[in-house]
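J.: Here it is, the structure in full.
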């Protein structure tokens, strides 16, 4: 097992794992609406299958929400 940090919280995962597999394993809500950063760099959606997560990596799932004044 390897320790990574997901949205600031420590998680244990089995390696090897890539971003796409991590999203499935963690049951990320609305994966089609999420952006992913690995060690503060955005991972392109087309690269999720080939972006490997390593011990100690920091992964952030970001949701951008629209809004405005009433």
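In my numbering, the protein residues as written are 11 to 80. We put the CB at the ideal spot given by N, CA and C, even for glycine. Since this is a predicted model, take the numbers as computed values, not measurements.
#1: When you compare each of 48, 18 and 22 to residue 30 by their alpha carbons, which one comes out closest?
#2: Just to confirm, are residue 23 and residue 33 a CB contact at a threshold of 8 Å?
#3: Hey, could you find the ends of the alpha helix (DSSP H) residue 19 is sitting in?
#4: In the structure shown, what three-state DSSP assignment does residue 29 receive?
#5: Just verifying my parser: in three-state terms, what is the DSSP assignment at residue 51?
T.: Taking the coordinates as given:
#1: Checking every option, the nearest Cα to that of residue 30 belongs to 48.
#2: The Cβ atoms of residue 23 and residue 33 lie no closer than 8 Å to each other.
#3: Unbroken run through residue 19 is the beta strand (DSSP E), 19 to 23; no alpha helix (DSSP H).
#4: helix
#5: strand
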